[in-house]
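To keep things clear, I will list the structure first and then write my remarks on it.
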Amino acid sequence: MAATTFSEIRLLNGDAFEVEGTVAEVERKLSDAARSGASRLAWLTEHGTEAPVGINPANVASLRQGESSG
148 MAATTFSEIR
158 LLNGDAFEVE
168 GTVAEVERKL
178 SDAARSGASR
188 LAWLTEHGTE
198 APVGINPANV
208 ASLRQGESSG
């Protein structure tokens, strides 16, 4: 099976989300949302579930790349 690329976003409160995309792709969406206004969410796709997840860029503590088989 092909490898699936995802990124992990960790929030200031300790919650973590695995989302589809490379760090550069996810960072771009977070940056775009942050420039659009304080209440704007970055809409991403949760890794493994394909569910949409909205992240407030102001609450992001870290972003890192991950990779899994599947």
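In the numbering used here, the protein residues as written are 148 to 217. We put the CB at the ideal spot given by N, CA and C, even for glycine.
- Could you tell me if A208 is buried or exposed, where buried requires 16 or more neighbouring beta carbons within 10 angstroms of its beta carbon? Your numbering for residue 208 matches position 61 in the sequence shown. A208 should be labelled exposed.
- Cβ pair V170, L191 closer than 9 Å: The residue you call residue 170 lines up with position 23 of the sequence shown. The residue you call residue 191 lines up with position 44 of the sequence shown. Going by C-beta atoms, V170 is not nearer than 9 Å to L191.
- What residue range is occupied by the uninterrupted beta strand (DSSP E) comprising E165? To locate residue 165, count along the sequence shown from 1; it is residue 18. It spans A163 to E167 - the beta strand (DSSP E) in which E165 sits, taken as one unbroken run.
- Message: Can you give me the C-alpha to C-alpha distance between K176 and N160, rounded to a whole angstrom?
- Response: By 1-based counting over the sequence shown, the position of residue 176 is 29. By 1-based counting over the sequence shown, the position of residue 160 is 13. Their backbone Cα atoms lie some 21 Å apart in a straight line.
- Task: Would you mind sorting S178 into buried or exposed? The rule is 16 or more other CB atoms within 10 Å of its CB.
- Result: The residue you call residue 178 lines up with position 31 of the sequence shown. With fewer than 16 other Cβ atoms within 10 Å, it is exposed.
- Query: To the nearest angstrom, how far is it from the Cα of G201 to the Cα of A189?
  - Reply: Position 54 of the sequence shown, counted from the start, is the residue given in the question as residue 201. Position 42 of the sequence shown, counted from the start, is the residue given in the question as residue 189. Going by the C-alpha atoms only, they are around 5 Å apart.
- Candidates G168, Q212, R182 and V166: closest to T204 by CA position: Residue 204 sits at position 57 when you count from the first residue of the sequence shown. Strictly speaking, residue 204 in this sequence is Pro, with Thr absent from that position. Per the Cα distances, R182.
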